[in-house]
Amino acid sequence: MAKNTPDTSKAEAENTSKNETLVEKTPLGLSEQQMKKSNPEAVQKIQSEAAEKAKSEAKAESDKALSEMESAFPDDLEFAIQAHKEGLSVEQAKAKRYDDVVKENQTLKEENATLKKDDEELKVNFAPANEPNDSKTNESKSESEIDNDAASVWNNMSVDEKAEFGNIKTSFFTYYKKHPEEFSQKK
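Take the sequence shown: its letter number 155 is residue 155 in full-length UniProt numbering, and every next letter is one higher.
Put into structure tokens, the structure is as follows:
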């Protein structure tokens, strides 16, 4: 026979205990099946208490997660609540926020580039209300044609009209180039 040492007897005891079927006993010393048969109301009460306890623990855990989310995003509580509803952790919510900010930043950069491009292409011609803008026709004329038109208008002007420009022909020409529509009837 084999010698029994404290180590071998302990191992044999563990093997025999693993092979035995364990029966869960209730506080009264009855098995679960016996309890269900003898007192179904008590079993139902125990189960409802366990469900309530699990529910309150889940609510406490949820409240804790929500408060962590709110402390992580104090400026945007709506986002914190939405992230909590989605079941995101604080780190996941921060990553989502970062991704959203990066997308918004990229969109704003694209809009800014478009606006700058449009601004550079923007050309504004002012005209008096309800009158056609003759400066468009001036753009198609050469510099010498515009000067000839201005000289023609200057020659047809009265002394009082010339006095408005200080009797200085060059100041009139400058004004004429900016506002030819005012003199279209005097040609």
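Each residue gets a CB set at the ideal place from its N, CA and C atoms; glycine is no exception. The model shown is predicted, which means the values in this text are computed figures rather than measured ones.
Any idea what DSSP makes of H84, helix, strand or coil?
helix
Identify whether M157 lies in helix, strand or coil by the three-state DSSP scheme.
coil
By how many angstroms is the C-alpha of L115 removed from the C-alpha of N105?
15 angstroms
What number of angstroms, rounded off, separates the C-alpha of G87 from the C-alpha of A95?
14 angstroms
Rounded C-alpha distance that separates D147 from D100
59 angstroms
Roughly how many angstroms lie between the CA atoms of Q92 and E78, to the nearest whole one?
16 angstroms
Would you mind sorting P180 into buried or exposed? The rule is 16 or more other CB atoms within 10 Å of its CB.
buried
Counting C-beta neighbours from all protein chains within 10 Å, is the total for D149 16 or more, i.e. buried, or is it exposed?
buried
With a threshold of 8 angstroms on Cβ separation, who are the neighbours of F165 within its own chain once the five nearest residues in sequence on each side are excluded?
S171, F172, Y175
Verify whether the separation of the beta carbon atoms of A80 and M69 is less than 8 angstroms.
yes
So, with DSSP's three-state summary, where would you put E91?
helix
Which one of H84, E143, N155, K103 has the shortest CA to CA distance from K178?
E143
Per DSSP, what kind of secondary structure is F73 in: helix, strand or coil?
coil
Which class does E164 belong to by DSSP, given the choice of helix, strand or coil?
coil
Go ahead and label V153 buried or exposed: buried means 16 or more other beta carbons lie within 10 angstroms of its beta carbon, across all protein chains shown.
buried
Taking the C-alpha atoms as reference points, what is the distance between K162 and E121?
37 angstroms
In chain order, what residues of the same chain have a beta carbon less than 7 angstroms from the beta carbon of H84, not counting five sequence neighbours either side?
A65, L66, M69
Do the CB positions of A113 and V90 come within less than 8 angstroms of each other?
no
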